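Trainee: Can you read through this structure? Questions will come right after.
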Ligand code: ACO
């Protein structure tokens, strides 16, 4: 009887940085507004010649090295992204080729900010079911390509990067103890990019109207996000027979410091156990949790035996939770 656990992690992001001071020169905003309303001080922004798979490959390679496996050991490669390199083929396949993971089944997973948790849930089930042995789950985004830098309500939020984790078999009492993934398409227009797909296409008109840019109802999202993340976190805790006070480290999706604080308070997780890097990265969608996890590993914020809680929320809307014994 095996369970699935995280054997290695990695992260990568552009060197380029967009600070609040930079944004002050672009739209009617201020460092003070952005800091107090979101907690963000800067976000990484890809250069024009940088793209999603570049960061996915670097993060994936680190995860493979830290897991001490061979790329050919990987049976499943999931690239969670809503900002693929191109429409065809999947970014997962492009990453597979670069990594030399030629035995894997590779594909993209589109669940916005919840993509990494979705990938974790799927890979875990396949490992537990005995179908596969090793999976590489990557969250990678270059969101800034779809950000309208004349819209102050969205352009302050998003950043670029990738995080990755190798999953493999561990003893049943360790590893991922519970996962839960959810969505509700009735809220699709809370965060969406109407253009660029088969419905409206990419025409001079859609481009002129900026229909490929993200449109967001920030206020509505905020409320749904807090409720959904807290709910799903409680569900995974319950499934594993744990309580919020047992949690050693809480890694929420990094969307807004006020969302993180509200969720932690709702759950009753002590602030000292909540990880936040929002000040430096902004919201990197599917990449946010695996980037944060890799930072926690590097900083030894997570130690063997720790109970680690993750919760995400994003466009779709989608949300999910995972509980792990590290
Ligand atoms: N600078 C200055 N003023 C601004 C800015 C800005 N960058 N953006 C908005 N404002 C103004 C608004 O125009 C509004 O002005 P008004 O009162 O004159 O109309 C005022 O600030 C308040 O706007 P709100 O939208 O109510 O501000 P709020 O406190 O809700 O913060 C924010 C907005 C940061 C977008 C917040 O709602 C949020 O973070 N929502 C979640 C969005 C999110 O995370 N989306 C990503 C995907 S989902 C996810 O990852 C969870």
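Numbering (full-length UniProt numbering), first residue to last: 3 to 328. All C-beta atoms, glycine included, are put in the ideal place defined by N, C-alpha and C. Keep in mind it's a predicted model, so treat the numbers as computed, not measured.
#1: Is it the case that the CB of residue 282 approaches a heavy atom of the ligand ACO more closely than 7 Å?
#2: Are there three or more Cβ pairs, one per stretch, closer than 8 Å when the stretch 304 to 323 is compared with the stretch 21 to 39?
#3: Based on the DSSP secondary-structure assignment, which residues constitute the bridge partners of residue 1?
#4: I'd like to check one pair, residue 80 with residue 1: are the Cβ atoms closer than 8 Å?
#5: Using the Cβ count rule (16 or more neighbours within 10 Å means buried), how would you classify residue 209?
#6: Enumerate in chain order the residues of its own chain whose CB-to-CB distance from residue 118 is below 6 Å, with the five nearest sequence positions on each side excluded.
#7: Is the beta carbon of residue 168 closer than 8 Å to that of residue 65?
#8: For the pair the stretch 295 to 309 and the stretch 221 to 235, tell me if three or more CB-CB distances fall below 8 Å.
#9: When burial is assigned at 16 or more other CB atoms within 10 Å of the CB, is residue 14 buried or exposed?
#10: When burial is assigned at 16 or more other CB atoms within 10 Å of the CB, is residue 309 buried or exposed?
#11: With a threshold of 16 other CB atoms inside 10 Å of the CB of residue 366, please say whether the residue is buried or exposed.
#12: Would you be able to state if there are at least three C-beta pairs under 8 Å between the stretch 16 to 30 and the stretch 188 to 203?
#13: Leaving out five residues on either side along the sequence, give the residues of the same chain with a beta carbon under 6 Å from the beta carbon of residue 10.
#14: So is the beta-carbon of residue 147 under 7 Å away from any non-hydrogen atom of the ligand ACO?
#15: Could you check how far apart the C-beta atoms of residue 242 and residue 179 are, in whole angstroms? I think they sit under 8 Å.
#16: Taking one C-beta from the stretch 197 to 216 and one from the stretch 146 to 154 each time, how about it: are there three or more such pairs within less than 8 Å?
#17: In whole angstroms, what separates the C-alpha of residue 185 from that of residue 257?
#18: Consider the C-beta atom of residue 264 and the heavy atoms of the ligand ACO; say whether any pair is separated by less than 7 Å.
#19: Under the rule that 16 or more other beta-carbon atoms within 10 Å means buried, what is residue 262, buried or exposed?
#20: Between the C-alpha atoms of residue 174 and residue 53, what's the straight-line distance to the nearest angstrom?
#21: Residue range of the alpha helix (DSSP H) that residue 282 falls in?
Mentor: Quick answer:
#1: Incorrect: residue 282 has no Cβ contact closer than 7 Å to the ligand ACO.
#2: With the rule of 3 Cβ pairs closer than 8 Å, the stretch 304 to 323 does not count as touching the stretch 21 to 39.
#3: Outside the shown range of the chain (3 to 328) lies residue 1, about which nothing can therefore be said.
#4: There is no way to answer for residue 1, as the model of the chain reaches only from 3 to 328.
#5: exposed
#6: Closer than 6 Å at the Cβ level, and outside the excluded window around residue 118, lie 82, 141, 288, 291, 292.
#7: If you check the CB distance, residue 65 and residue 168 come in under 8 Å.
#8: no
#9: buried
#10: buried
#11: Because the chain is modelled from 3 through 328, residue 366 falls outside the range shown and cannot be assessed.
#12: Because the criterion of three Cβ pairs below 8 Å is not met, the stretch 188 to 203 and the stretch 16 to 30 do not touch.
#13: 65, 68, 69, 168
#14: False, no ligand heavy atom lies under 7 Å from that Cβ.
#15: 4 Å
#16: yes
#17: 17 Å
#18: no
#19: Buried, since its Cβ has 16 or more Cβ neighbours within 10 Å.
#20: 38 Å
#21: 280 to 283
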